[in-house]
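Peer 1: For the record, the sequence lines run as chains A and B. For the first sequence, the residue numbers in the numbering used here are 1 to 447. For the second sequence, the residue numbers in the numbering used here are 1 to 447. Glycine is no exception: its CB is placed at the ideal position from the N, C-alpha and C atoms. Source: prediction; values computed, not measured.
There are 2 protein chains.
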Amino acid sequence: MRLSRYFLPILRETPKEAEIVSHRLMLRAGLIRQESAGIYAWLPLGLRVLNKINAIIREEQTRAGAVEVLMPTIQSADLWRESGRYDAYGKEMLRITDRHDREMLFGPTNEEMITEIVRGYVRSYKDLPLNLFHIQWKFRDEVRPRFGVMRSREFLMKDAYSFDLDPVAGRHSYNKMFVAYLRTFARMGLTAIPMVAETGPIGGNLSHEFIILAHTGESEVFCHKDFLTFAPPPADIDFENPAALEEVVGKWTSLYAATSEMHDEAAYNAVPDEAKMAARGIEVGHIFFFGTKYSEPMRAVVNGPDGKEITLSMGSYGIGPSRLVAALIEANHDDNGIIWPEQVAPFHVGVADLKQGDPATGKVCAELVQQLENAGLDVLHDDRDDRPGAKFATLDLIGLPWQVVVGPKGLADGVVEVKRRRDGARELLAPADAVARIVASVRAARA
Amino acid sequence: MRLSRYFLPILRETPKEAEIVSHRLMLRAGLIRQESAGIYAWLPLGLRVLNKINAIIREEQTRAGAVEVLMPTIQSADLWRESGRYDAYGKEMLRITDRHDREMLFGPTNEEMITEIVRGYVRSYKDLPLNLFHIQWKFRDEVRPRFGVMRSREFLMKDAYSFDLDPVAGRHSYNKMFVAYLRTFARMGLTAIPMVAETGPIGGNLSHEFIILAHTGESEVFCHKDFLTFAPPPADIDFENPAALEEVVGKWTSLYAATSEMHDEAAYNAVPDEAKMAARGIEVGHIFFFGTKYSEPMRAVVNGPDGKEITLSMGSYGIGPSRLVAALIEANHDDNGIIWPEQVAPFHVGVADLKQGDPATGKVCAELVQQLENAGLDVLHDDRDDRPGAKFATLDLIGLPWQVVVGPKGLADGVVEVKRRRDGARELLAPADAVARIVASVRAARA
Numbered sequence: 001m002r003l004s005r006y007f008l009p010i011l012r013e014t015p016k017e018a019e020i021v022s023h024r025l026m027l028r029a030g031l032i033r034q035e036s037a038g039i040y041a042w043l044p045l046g047l048r049v050l051n052k053i054n055a056i057i058r059e060e061q062t063r064a065g066a067v068e069v070l071m072p073t074i075q076s077a078d079l080w081r082e083s084g085r086y087d088a089y090g091k092e093m094l095r096i097t098d099r100h101d102r103e104m105l106f107g108p109t110n111e112e113m114i115t116e117i118v119r120g121y122v123r124s125y126k127d128l129p130l131n132l133f134h135i136q137w138k139f140r141d142e143v144r145p146r147f148g149v150m151r152s153r154e155f156l157m158k159d160a161y162s163f164d165l166d167p168v169a170g171r172h173s174y175n176k177m178f179v180a181y182l183r184t185f186a187r188m189g190l191t192a193i194p195m196v197a198e199t200g201p202i203g204g205n206l207s208h209e210f211i212i213l214a215h216t217g218e219s220e221v222f223c224h225k226d227f228l229t230f231a232p233p234p235a236d237i238d239f240e241n242p243a244a245l246e247e248v249v250g251k252w253t254s255l256y257a258a259t260s261e262m263h264d265e266a267a268y269n270a271v272p273d274e275a276k277m278a279a280r281g282i283e284v285g286h287i288f289f290f291g292t293k294y295s296e297p298m299r300a301v302v303n304g305p306d307g308k309e310i311t312l313s314m315g316s317y318g319i320g321p322s323r324l325v326a327a328l329i330e331a332n333h334d335d336n337g338i339i340w341p342e343q344v345a346p347f348h349v350g351v352a353d354l355k356q357g358d359p360a361t362g363k364v365c366a367e368l369v370q371q372l373e374n375a376g377l378d379v380l381h382d383d384r385d386d387r388p389g390a391k392f393a394t395l396d397l398i399g400l401p402w403q404v405v406v407g408p409k410g411l412a413d414g415v416v417e418v419k420r421r422r423d424g425a426r427e428l429l430a431p432a433d434a435v436a437r438i439v440a441s442v443r444a445a446r447a
Numbered sequence: 001m002r003l004s005r006y007f008l009p010i011l012r013e014t015p016k017e018a019e020i021v022s023h024r025l026m027l028r029a030g031l032i033r034q035e036s037a038g039i040y041a042w043l044p045l046g047l048r049v050l051n052k053i054n055a056i057i058r059e060e061q062t063r064a065g066a067v068e069v070l071m072p073t074i075q076s077a078d079l080w081r082e083s084g085r086y087d088a089y090g091k092e093m094l095r096i097t098d099r100h101d102r103e104m105l106f107g108p109t110n111e112e113m114i115t116e117i118v119r120g121y122v123r124s125y126k127d128l129p130l131n132l133f134h135i136q137w138k139f140r141d142e143v144r145p146r147f148g149v150m151r152s153r154e155f156l157m158k159d160a161y162s163f164d165l166d167p168v169a170g171r172h173s174y175n176k177m178f179v180a181y182l183r184t185f186a187r188m189g190l191t192a193i194p195m196v197a198e199t200g201p202i203g204g205n206l207s208h209e210f211i212i213l214a215h216t217g218e219s220e221v222f223c224h225k226d227f228l229t230f231a232p233p234p235a236d237i238d239f240e241n242p243a244a245l246e247e248v249v250g251k252w253t254s255l256y257a258a259t260s261e262m263h264d265e266a267a268y269n270a271v272p273d274e275a276k277m278a279a280r281g282i283e284v285g286h287i288f289f290f291g292t293k294y295s296e297p298m299r300a301v302v303n304g305p306d307g308k309e310i311t312l313s314m315g316s317y318g319i320g321p322s323r324l325v326a327a328l329i330e331a332n333h334d335d336n337g338i339i340w341p342e343q344v345a346p347f348h349v350g351v352a353d354l355k356q357g358d359p360a361t362g363k364v365c366a367e368l369v370q371q372l373e374n375a376g377l378d379v380l381h382d383d384r385d386d387r388p389g390a391k392f393a394t395l396d397l398i399g400l401p402w403q404v405v406v407g408p409k410g411l412a413d414g415v416v417e418v419k420r421r422r423d424g425a426r427e428l429l430a431p432a433d434a435v436a437r438i439v440a441s442v443r444a445a446r447a
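1. What does the alpha-carbon distance come out to for the pair R299 of chain A and L312 of chain A?
2. To the nearest angstrom, how far is it from the Cα of A345 of chain A to the Cα of V325 of chain A?
3. Does E367 of chain B come out as helix, strand or coil in the three-state DSSP assignment?
4. In chain A, which residues lie less than 9 Å from P108 of chain B when you measure between Cβ atoms?
5. Am I right that Y181 of chain A and G285 of chain A are in contact with their C-beta atoms under 8 Å? What's the rounded C-beta distance?
6. Using the Cβ count rule (16 or more neighbours within 10 Å means buried), how would you classify F370 of chain A?
7. Is DSSP giving S152 of chain A helix, strand or coil here?
8. List, in chain order, every chain B residue whose beta-carbon is nearer than 8 Å to that of Y6 of chain A.
9. Which whole-angstrom value is the C-beta distance of V221 of chain B and G281 of chain B, which I expect to be below 8 Å?
10. Kindly identify the DSSP beta-bridge partner or partners of L206 of chain A.
11. If you drop the 5 nearest sequence neighbours on each side, which residues of the same chain put their C-beta closer than 6 Å to that of F210 of chain B?
12. Might you give, ordered along the chain, the residues of its own chain that have their beta carbon closer than 7 Å to the beta carbon of Y125 of chain B, omitting 5 neighbours on each side?
13. Name, in chain order, the residues that DSSP records as bridge partners for N131 of chain B.
14. Find the nearest neighbour of T296 of chain A within the set A:A375, A:I56, A:E111, A:L128, judged by alpha-carbon distance.
15. What separation, rounded to the nearest whole angstrom, lies between the Cα atoms of D87 of chain A and D78 of chain A?
16. Would you list the one or two residues that DSSP bridges to A41 of chain B?
17. DSSP puts T109 of chain B in a beta bridge; with which residues?
18. Where are the beta strand (DSSP E) runs, 3 residues long or more, that stay fully inside the stretch 365 to 429 of chain A, in chain order?
19. Quick one: give me the first and last residue of the beta strand (DSSP E) that S219 of chain B is part of.
20. Please tell me whether F106 of chain B and F147 of chain B are closer than 8 Å, where the distance is taken between their beta carbons.
21. Would you say P44 of chain B lies against chain C (beta-carbon separation less than 8 Å)?
22. Tell me, to the nearest whole angstrom, how far the beta carbon of D358 of chain A is from that of P408 of chain A; I am working on the premise that it is less than 8 Å.
23. Can you tell me whether DSSP reads D306 of chain B as helix, strand or coil?
24. Mind checking who G281 of chain B pairs with in its DSSP beta bridge?
25. Using CA atoms only, rank isn't needed, just tell me which of B:L43, B:I39, B:L228, B:R5 is closest to A29 of chain B.
26. Measure the C-alpha to C-alpha separation of R151 of chain B and Q136 of chain B and round it to an integer number of angstroms.
27. So, does the stretch 229 to 246 of chain A touch the stretch 259 to 269 of chain A, judging by three or more C-beta pairs under 8 Å?
28. Does the Cβ of D382 of chain A have 16 or more other Cβ atoms within 10 Å, making it buried, or fewer, making it exposed?
29. Name the chain A residues that come within less than 7 Å of D98 of chain B, Cβ to Cβ?
30. Under three-state DSSP, which class holds L94 of chain A?
31. Going by DSSP, what residue range makes up the beta strand (DSSP E) through Y317 of chain A?
32. Rounded to the nearest angstrom, how far is the Cβ of L400 of chain A from that of V364 of chain A, given a contact under 8 Å?
33. What do you reckon, are the CB atoms on P145 of chain A and A37 of chain A nearer than 8 Å?
34. Determine, using beta carbons only, whether L156 of chain B and S260 of chain B come nearer to each other than 8 Å.
35. Kindly indicate if chain A contains any beta-carbon less than 8 Å away from that of S36 of chain B.
36. Between V418 of chain A and V404 of chain A, how many whole angstroms is the CB-CB distance? I'm expecting something under 8 Å.
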């Protein structure tokens, strides 16, 4: 992509309204723009990150056997009356009246609607297990939206819903998502620690939050530091093998980990002192097993092998992709800007022409872009007529993992400068070697 | 994808409420489910088609130089007061009050919001031209929603917005989208005819609708039949060459074409009798050039080369992907079900095992699926324990372009049966030849 034809509105000044670093950097680097309180437009660079996050989530959900659907944003109030949540949900629910005075709402979550869909079609025990997910915009009318997309009103959510014949099978479905979540976050370069959680308005008695550690995190967490050394489950784990999944879940729940709401001082004190870790964290995922809480009042039942009715056991599993963009920045930045992990970077490489208009630098830039794109990389080509200092500052701010700087001086020696954003390491390389270096790094990160 | 692990809820009976064939087939083939009047959930098979349509639209928008963003669904009423449309828009606008009694709305279109974004960042004539698009859910509170997703209340729209320094440059941006639309529809196997259109609540004085012909179309259209012989613009057309685009647009507007609202009997009578075509059509796209209608009241201006303020010239360009799914079915079906064009089919091939549980058919099916998937095709593997007749009926109903039937009898002769859904042509082929046959066809359709 040529920057001269792109839309990358960088802000030179730090926006006053932004209290946390991810919000400041998302505004400055032209990722988002606020349209109303807690409501954001995604600008081109931000949307690219969001889509890369969605792609990883989608792959891991599919690998774990979940099937993608897409439910509408607007729901009928009657559906929520069936479960009893319409009145209980309170002011966070955005309630709407249509032109025929029907009571509607902008969905904050989809337990009721997915239960309605499944009860409408699924009749037999043979059709189970079933896990359906979607990635759709939700709305929660927060009284004080803040921190940018970290706590916005309109936000993107991946929510999956599992349906099983009994709690034992339901537990296996829960474990599938538990394992899928560990893989999902690990692929984004994040270590997410599962912590026992309260179930709140979703309900049920089994729930884990997935928390990543960040100095600027919203909540206090206490855990055993060995979590940081755990390897994520491998790509070829057999999701149909309950014992294999139980082993992974067992390992990741064997050590102490709790947010301040669920903190148990006595249990934490049993952790050896050298392994104690008190830190700040950001919730990036939340999973629930709630059995028949919705299927019973909404009559989601199937016929069992003996012809008798079975009320379905359900769970739900949420990840907020829009919130993850902010969480990734909280965990990956420095004073100069964002430092994207390669797997979610909007572009893998920025190629800066230091003498725009010069035929020699122009030719090398065009060749570099072509070769990097042919290797499957996403490349941003800064072809604007701008000062080198401004180009460097922009590339640091937007945080692409690799920068290639093409200037007349280097070209006289046959080299370009390759800079790795994460540690600032610089190398002077022949253009072909620069391509090989970067392609190898991106491919390794994907594997 | 193994059908036994998929969610494909086929209806045996024709739903009474569906008046048109696309609505009936979308319900029967398990593409959508109605959640409220005019509000639908997309089931797995329908979502796959929707995503394929979106991918083609996205590629052609990008090729024409448009850059993707994503605006929120909920907008502030104040934004619409700036343009004067808040009161004018009427009851089709879904108006919402949030918990702080702020007036909001579910966006029916985004001229105001995109103008607000561009005026917030773009300061100089050097930053133009600019065309930003997004693919996002919209809401129009139709008084009588009907025909399924053809006229729904919550619907997906790709809307692009161009910003230029003057009407001449604006016309070039309009032509880019005109040409991109011709290519977009052609890639889906549709011949869309541009027809001069009324501008309605969007405004302006230059507008074209893109209409596809279908017996069951909603509106009457009159046109010269030579449109059906026109080749779409090639993939390598130079979108930066105004004359090249003007030539394409000139050709596609040189012959008579009008919907009944804009029909000019005298002009139509000048068409030679043998070239007259009166038919029914479905609108699949609509483009507008409206100059300063929004930029003037909303003060979207830039500094020109001489430092003087220039009010931006704008256009907007819409395609409804959710409506296109229905339009594609209206144009591609028979008594047995849907007939997907290869480019938008949810899966390219269905592989049916006629003797589920038999090691020989199972082995060949697994190999076929693997080889077709390795070639980049999307494959649905019917591995359910079901009667052959039911499997054939399902495959015909859901309309995958190719069917491969694997039975013990054929395998005894070393062959499988390959059926082309569009014309029912059948061939007995060795499995390797079946793969080669289908892969070649899908690749040709992509080119």
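Peer 2: The short version:
1. If you take the alpha carbons of R299 of chain A and L312 of chain A, they lie about 9 Å apart.
2. Computed Cα separation, rounded: 10 Å.
3. It is helical.
4. In chain order: nothing, as chain A lies at least about 13 Å away.
5. Contact annotation, Y181 of chain A with G285 of chain A: C-beta distance approximately 5 Å; criterion of less than 8 Å satisfied.
6. Note that residue 370 of chain A corresponds to Gln in the displayed sequence, not to Phe. With fewer than 16 Cβ atoms within 10 Å of its Cβ, Q370 of chain A is classed as exposed.
7. Residue state, collapsed to three classes: coil.
8. Per Cβ cutoff of 8 Å: V67.
9. Contact flag correct, Cβ pair sits at about 4 Å.
10. According to DSSP, L206 of chain A bridges with A:F289.
11. Excluding the 5 residues flanking it on each side, F210 of chain B has same chain C-beta neighbours closer than 6 Å at Y181, A192, P194, V284, G285, in chain order.
12. Closer than 7 Å at the Cβ level, and outside the excluded window around Y125 of chain B, lie L165, V302, N303, G304, P305, I310.
13. Note: N131 of chain B sits in a beta bridge opposite B:S162.
14. Before going further, note that residue 296 of chain A is Glu rather than Thr in the sequence given. Answer by Cα proximity: A:E111.
15. Computed Cα separation, rounded: 11 Å.
16. A41 of chain B is bridged to B:R33.
17. For T109 of chain B, which the question treats as bridged, DSSP gives no partner whatsoever.
18. As far as the stretch 365 to 429 of chain A is concerned, its whole beta strand (DSSP E) runs of at least 3 residues are 379 to 382, 402 to 406, 416 to 420, 426 to 429.
19. Taken as a continuous stretch (DSSP letters only), the beta strand (DSSP E) holding S219 of chain B covers 219 to 224.
20. F106 of chain B places its beta carbon 8 Å or farther from that of F147 of chain B.
21. The chain labelled as chain C is not found among the protein chains of the depicted structure, namely A and B.
22. Confirmed, Cβ separation roughly 6 Å.
23. DSSP places D306 of chain B in the coil class of the three-state scheme, outside both helix and strand.
24. DSSP lists B:L213, B:S219 as the beta-bridge partner residues of G281 of chain B.
25. Comparing Cα-Cα distances from A29 of chain B to each of B:L43, B:I39, B:L228, B:R5, the minimum goes to B:L43.
26. One C-alpha to the other measures close to 16 Å.
27. Under the 8 Å Cβ criterion, the stretch 229 to 246 of chain A does not count as touching the stretch 259 to 269 of chain A, having fewer than three qualifying pairs.
28. D382 of chain A counts as buried, since at least 16 other C-beta atoms from the protein chains shown sit within 10 angstroms of its C-beta.
29. Under the 7 Å cutoff, chain A gives L94, D141.
30. Taken through DSSP and simplified to helix, strand or coil, L94 of chain A comes out as strand.
31. Secondary structure note for Y317 of chain A: its beta strand (DSSP E) is the uninterrupted segment 313 to 319.
32. Not quite, the Cβ-Cβ distance comes to about 18 Å (not below 8 Å), so this is no contact.
33. Contact: yes.
34. Note that the C-beta distance between L156 of chain B and S260 of chain B is not below 8 Å.
35. Interface flag for S36 of chain B against chain A is set, since a Cβ pair is found closer than 8 Å.
36. Right, their Cβ atoms sit about 6 Å apart.
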